[in-house]
Structure formats: structure tokens, C-alpha cells
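Q:
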Amino acid sequence: MSRADQTLAEELAAQAAAGRSRRRRTVEARAAGGVRVTVAGRECLAFCSNDYLGLADHPRVVAAFCEAARRWGVGSGASHLVSGHDAEHHALEEELARFVARPRALLFSTGYMANLAVASVLAGRGDHVLEDRLNHASLLDAGLACGARFSRYAHGDVAALRSKLAAIGAAARTLVLTDGVFSMDGDIAPLQEIAAACRELPATLLVDDAHGFGVLGATGAGAVEEAGLGLDAVPVLMCTLGKAVGTFGAFVAGSPMLIESLLQRARTYIYTTALPPAVAAATRESLRVMRDEPWRRGRVLEHAARFRAGLAELGLRPLPSRTPIQPLLIGAEAAAVVASHALFEQGFWVPAIRPPTVPVGTSRLRFTFSASHTEAEVEQLLAALRTLRDSGVIQPTAAA
Ligand SMILES: Cc1ncc(COP(=O)(O)O)c(C=O)c1O
45 MSRADQTLAE
55 ELAAQAAAGR
65 SRRRRTVEAR
75 AAGGVRVTVA
85 GRECLAFCSN
95 DYLGLADHPR
105 VVAAFCEAAR
115 RWGVGSGASH
125 LVSGHDAEHH
135 ALEEELARFV
145 ARPRALLFST
155 GYMANLAVAS
165 VLAGRGDHVL
175 EDRLNHASLL
185 DAGLACGARF
195 SRYAHGDVAA
205 LRSKLAAIGA
215 AARTLVLTDG
225 VFSMDGDIAP
235 LQEIAAACRE
245 LPATLLVDDA
255 HGFGVLGATG
265 AGAVEEAGLG
275 LDAVPVLMCT
285 LGKAVGTFGA
295 FVAGSPMLIE
305 SLLQRARTYI
315 YTTALPPAVA
325 AATRESLRVM
335 RDEPWRRGRV
345 LEHAARFRAG
355 LAELGLRPLP
365 SRTPIQPLLI
375 GAEAAAVVAS
385 HALFEQGFWV
395 PAIRPPTVPV
405 GTSRLRFTFS
415 ASHTEAEVEQ
425 LLAALRTLRD
435 SGVIQPTAAA
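Here my numbering is used: the first residue of the sequence shown is 45, the next is one more, and so on.
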């Protein structure tokens, strides 16, 4: 074994000893809007996808993808600034900007890259970045990588944010980054209060609405729409397309000056291949389905609400979330893994989320719901949880 491999083996062994090894399951087939999946030859019900509206296999979205692939080919062939920016991308950017009521939008290949782009263009050496402690890893990495002074405030604590902003002072350039819907907790950031703090103190606010876009708000434009916040209050809005939209990629929406600066300067925009035009075409159709089938938003939120009520009937308390992300706190890493395996044995796929994704001692089962689930399937899940509670695999007292 090489010296490098020897060190890697020791590090992997330490990770395993801490109960933090990660394992992939290979999905052999998906059906029924992605909620019935086959793993190791067995069909199970998945409560773990972020395809909240069940659009990833919607016939209209699939048809748009296939038709565009026939017309445009599969790959875009180059970055946007070389020759990879096709008419489908361009039209999608205009439609996304309209969807979130912002002047302009810019497509990125992933949300991770979009967040890195924004932080690198809006903050640097000598500037300040403030983040919610429970922000998604991509936001935390973006804040750390941009070279600004980096600090985190307690989760959802606007008073803590205000005091950090006041200490920094108005002379400095400060960027505040927050999830709209927190990815591992499902709760919604106090966006109106955060926006007010950033207006007064002052700072530029980026909201990452990866999990709110498509689900929340009167038209599905997300947590920012639900909070009634326009461009002045949230000058930088980042949303992903690989979750409720059911396709792939991400976009940043904001002022023409912001978008032009990202296009000119963001390395994660400039130095990477544009996403396939067929993905852009499928996303355009997905946006139309979101408009045509608003019942999908209502249905996924109803499933989440029924699940919460069902957990309460079982004496289990979920974290405070009204979104499709419904975590059940378990505590210890090993116990969360045992609970996840026990559910899998009963035909339900619900991942155990452990550190470093969540803080130590807060390992959890993360249930996510889809408009493709039926009410009966939600009841089946609750029945399985009842057996886990009765057999002591899940302790009512261990739940937060
Ligand atoms: C809050 C949040 N932001 C950003 C991302 C990254 O988006 P993408 O998967 O498109 O890279 C995710 C999840 O993947 C997320 O949950």
C-alpha cells in the first residue's frame, strides 16, 4: 500500500469507528413519481427525495427533455461564455427571472457553484460574511472560501445577527447568507426580520431557497415570495432546480448589475461547461407544469401536516417544520442508523442524517414528502413508525 493510501485507510477507519461511514444504495428502478424505488431487488417506498412535486418523471417534462435532446444533442459542448449558451438556456433565464419577479437571472450547473459564485463576487479580503449556524454546507463553504472574515450566528437568531452587524459597522462591506428553508431541519428562516436587519445595519442579503422554491408562496416562487420580500429586501436570491423543479441546475436572480458581475467574474460560472440544453428545456416545461398544477404544492404540504399530526399521536415530536422536510430527532449516531435500517427492513427508505451534516448529538431521521405520495402511503409510514416505537427502536423520550 502506498503511503498516501495508508493514511487514507487510517482516516477511513477512524470515520467508521465514529459511526460516520456513508454508504450509497444503488437505485435499480423508480416508479410512481419516483416514490417507489427498487433497491437490491426489493421495492420500497422512498421518503428521502427532494423531488417534492413529483416532477422529475412528469410526462410533459420528460417529453420536453427528449424532444430537446433530439434537436440540440445531449451536451452543450462548452461553457456559457464560449459557445455553450443556447436559446433554451437564454429563454429559461428570462422565464426564471419572471417567475421570481426579479429583473434578471443567471443559470448555474449546481446550487453549490451558484453559492460559491455569489460569495466570491460580493465579498473578499477585508469584507465580512455572516451565516446562520445551520446553513447548508455549500453556503458555509462559499463564505469560508471567499476570503472574507467569517462568522456564524445562532440558528434563526436575528438579535444575534443584529449585534454582529452592529459590531462590524456600516463602513464595512458585509454579506449575510441564509437558507430560506433549512435543509436538514425543514424550518423557515425569519426572512422579514433578517431582511429588516440587513436594510438597517446595513448588509447585502443572499437567501438560498433551494427547498422553498416550487413549494412555498402563492405561486410557488418560494419562501421569499411567501414573506412578501422583493428585490430591495432580498437582493440576491439563489434557487436550485434539482429539487421541487425536478430537473437539475440552479440560478441566481437579482439586479442587472449583480447578474452581469457574476457573468463577468464568477469563476464557477466562467470555467465550467453549461448544463445540457435539454435540461434547460425540461426545466422550462417544469415551470409551466408548476403553474398548471398548483395542487401539487398543496398536496405535499398536506402530507407533511398529516405526518406531523400522526407523529404526535404516537407520542413522537418532530422538529418544528411545516415544509416537506420533516426530521425526527434521534440523538446518537448509531441509534439513528439503527432506526433507518429498521424502517428499510419494513420497506421504507428514510436516511439517517449524522454529523458533520448536523451538529453532534442531533442525528435524525429526515423524512421528505412528495406530491406523488398517496395518503395511504403516509399512513403506512406512520404504522411502521408505530412498530418501531413499540419495539423500542425509537424512543418517544429521545424525540426533541
Ligand atoms: C440549501 C441548499 N443549498 C444548496 C444546495 C446545493 O444545490 P445543488 O444540489 O444544486 O448543488 C442544496 C442541496 O443540494 C441545499 O440543500
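Backbone N, C-alpha and C fix where the C-beta goes; we use that ideal spot for every residue, glycine too. Owing to the predicted nature of the structure, the values given are computational and were not obtained by experimental measurement.
1. For Val165 and Arg309, which I take to be in contact (beta-carbon distance under 8 Å), what is that distance rounded to the nearest angstrom?
2. Can we say the segment 282 to 293 touches the segment 191 to 208, given the rule of at least three CB pairs closer than 8 Å?
3. His180: beta carbon under 6 Å from a heavy atom of ligand 1?
4. To the nearest angstrom, how far is it from the Cα of Ala73 to the Cα of Ser299?
5. Residues in the same chain with beta-carbon distance under 7 Å from Ser120, minus the five sequence neighbours each way, listed in chain order, please.
6. Mark Tyr156 as exposed unless 16 or more other C-beta atoms lie within 10 angstroms of its C-beta, in which case mark it buried.
7. If you reduce the DSSP assignment to three classes, tell me which class Gln424 lands in.
8. How many Å lie between Asp101 and Phe292 at the Cα?
9. Let me know if Ser435 comes out buried or exposed under the rule of 16 or more other beta-carbons within 10 Å of its beta-carbon.
10. Mind checking who Cys283 pairs with in its DSSP beta bridge?
11. With DSSP as the reference, identify every bridge partner of His172, one or two as the case may be.
12. Is the beta carbon of Arg186 less than 7 Å from the beta carbon of Asn159?
13. Taking only runs that begin and end inside the segment 350 to 401, name each unbroken beta strand (DSSP E) of 3 or more residues, in chain order.
14. Might you give, ordered along the chain, the residues of its own chain that have their beta carbon closer than 7 Å to the beta carbon of Gly77, omitting 5 neighbours on each side?
15. Can you have a look at Pro364 and say buried or exposed, based on whether 16 or more other CB atoms are within 10 angstroms of its CB?
16. In whole angstroms, give me the CA-to-CA distance for Ser330 and Gly286.
17. On the three-state DSSP scale, how would you describe Cys88?
18. My parser needs the alpha helix (DSSP H) runs of 4 or more residues fully inside the segment 118 to 163; what are they?
19. In the DSSP assignment, find the unbroken alpha helix (DSSP H) run with Phe109 in it and report its ends.
20. Go to Glu460, then tell me how far its alpha helix (DSSP H) extends in each direction, as first and last residue.
21. Is the number of C-beta pairs between the segment 341 to 350 and the segment 102 to 121 that are closer than 8 Å three or more?
22. Quick one: is Arg341 buried, meaning 16 or more other Cβ sit within 10 Å of its Cβ, or exposed?
23. For Phe411, write down the residues that DSSP places opposite it in a beta bridge.
24. Alpha carbon to alpha carbon, what distance is there between Trp393 and Val83?
25. Shorter than 6 Å, the distance from the beta carbon of Leu156 to the closest heavy atom of ligand 1, or not?
26. Return the chain-ordered list of same chain residues with a C-beta closer than 7 Å to the C-beta of Gly405, the five sequence neighbours on each side being excluded.
27. Leaving out five residues on either side along the sequence, give the residues of the same chain with a beta carbon under 6 Å from the beta carbon of Pro338.
28. Run through the DSSP bridge pairs and tell me what Leu249 is partnered with.
29. Among the candidates Ala386, Ile314, Glu389, whose CA atom is the shortest distance from the CA of Ser123?
30. Determine the burial state of Thr51: buried for a count of at least 16 other Cβ atoms within 10 Å of its Cβ, exposed for fewer.
31. I'd like the list of long-range same chain contacts for Ala326, defined as Cβ closer than 6 Å, with 5 residues on each side in sequence excluded.
32. Around the Cβ of Arg146, are there at least 16 other Cβ atoms within 10 angstroms (buried) or fewer (exposed)?
33. Can you determine whether any heavy atom of ligand 1 sits closer than 6 Å to the C-beta of Ala294, and answer yes or no?
34. For the alpha helix (DSSP H) containing Val268, list its first residue and its last residue.
A: Based on what the coordinates show:
1. By 1-based counting over the sequence shown, the position of residue 165 is 121. By 1-based counting over the sequence shown, the position of residue 309 is 265. Correct: roughly 5 Å between the Cβ atoms.
2. Result no; under three Cβ-Cβ pairs closer than 8 Å.
3. In the sequence shown, the residue the question calls residue 180 occupies position 136. True, at least one ligand heavy atom lies under 6 Å from that Cβ.
4. For the purposes of this step, residue 73 is taken as the residue at position 29 of the sequence shown. For the purposes of this step, residue 299 is taken as the residue at position 255 of the sequence shown. Taking the Cα positions, Ala73 is about 42 Å away from Ser299.
5. For this step, residue 120 is matched to residue 76 along the sequence shown. Once the five neighbours on either side are set aside, the close Cβ partners of Ser120 are Gly128, Asp130, Thr317, Ala318, Leu319, Pro320, Pro321.
6. Sequence index remark: in the sequence shown, residue 156 carries index 112 (1-based). So Tyr156 ends up on the buried side.
7. Working through the sequence shown from its first residue, we reach residue 424 at position 380. In the structure shown, Gln424 sits in a helix (DSSP, three-state: H, G or I).
8. As a first step, residue 101 is located in the sequence shown; it is residue number 57 there, counting from the start. As a first step, residue 292 is located in the sequence shown; it is residue number 248 there, counting from the start. Roughly 13 Å between the two C-alpha positions.
9. Numbered from its first residue, the sequence shown carries residue 435 at position 391. Label assigned to Ser435: exposed.
10. Indexing the sequence shown from 1 puts residue 283 at position 239. In the DSSP output, where bridge partners are listed per residue, Cys283 has Phe295.
11. Looking up residue 172 in the sequence shown gives position 128. According to DSSP, His172 bridges with Arg193, Thr218.
12. Along the sequence shown, read from residue 1 onward, the residue named residue 186 stands at position 142. Along the sequence shown, read from residue 1 onward, the residue named residue 159 stands at position 115. Sequence inspection shows Ala at residue 186; the Arg mentioned does not correspond to that position. The answer is yes: Cβ separation under 7 Å.
13. 369 to 375
14. Position 33 of the sequence shown holds residue 77. Closer than 7 Å at Cβ, skipping near neighbours: Gly98, Asp101, Ser414, Ser416.
15. For the purposes of this step, residue 364 is taken as the residue at position 320 of the sequence shown. Counting Cβ neighbours within 10 Å, Pro364 comes out exposed, since fewer than 16 surround it.
16. Translated into the one-based positions of the sequence shown, residue 330 becomes position 286. Translated into the one-based positions of the sequence shown, residue 286 becomes position 242. The C-alpha of Ser330 lies about 11 Å from the C-alpha of Gly286.
17. Residue 88 sits at position 44 when you count from the first residue of the sequence shown. DSSP places Cys88 in strand when its eight states are reduced to three.
18. 131 to 143
19. Stepping through the sequence shown from its first residue, residue 109 is reached at position 65. Per DSSP, Phe109 belongs to the alpha helix (DSSP H) from 103 to 116.
20. Past the boundaries of the shown model lies residue 460; the chain is included only from 45 to 444, so the question cannot be answered.
21. no
22. Working through the sequence shown from its first residue, we reach residue 341 at position 297. Buried, since its Cβ has 16 or more Cβ neighbours within 10 Å.
23. Numbered from its first residue, the sequence shown carries residue 411 at position 367. DSSP lists Gln370 as partners of Phe411.
24. Counted from its first residue, the sequence shown places residue 83 at position 39. Counted from its first residue, the sequence shown places residue 393 at position 349. Using only the alpha carbons, I get a separation of about 10 Å.
25. Here residue 156 refers to the residue found at position 112 of the sequence shown. The residue you asked about is not Leu; residue 156 is Tyr in the sequence shown. Indeed, a heavy atom of ligand 1 lies less than 6 Å from the Cβ.
26. In the sequence shown, residue 405 corresponds to position 361, counting from 1. For Gly405, where only same-chain residues beyond five positions count, the Cβ hits under 7 Å are Gly375.
27. Here residue 338 refers to the residue found at position 294 when the sequence shown is read from its first residue. There are no such residues.
28. For the purposes of this step, residue 249 is identified with residue 205 of the sequence shown, where counting begins at 1. According to DSSP, which records beta bridges pairwise, Leu249 is partnered with Val220.
29. Along the sequence shown, read from residue 1 onward, the residue named residue 123 stands at position 79. Among Ala386, Ile314, Glu389, the Cα nearest to that of Ser123 belongs to Ile314.
30. Within the sequence shown, the letter at position 7 stands for residue 51. Around the CB of Thr51, fewer than 16 other CB atoms lie within 10 Å, so the residue is classed as exposed.
31. What you label residue 326 is simply residue 282 of the sequence shown in a count that begins at 1. Taken in chain order, the residues that qualify are Val105, Ala108, Phe109, Thr291.
32. Looking up residue 146 in the sequence shown gives position 102. So Arg146 counts as buried.
33. If you number the sequence shown from 1, residue 294 lands on position 250. Ala294 Cβ: within cutoff of ligand 1.
34. The residue labelled residue 268 in the question sits at position 224 within the sequence shown. Val268 -> alpha helix (DSSP H) spans 267 to 270.
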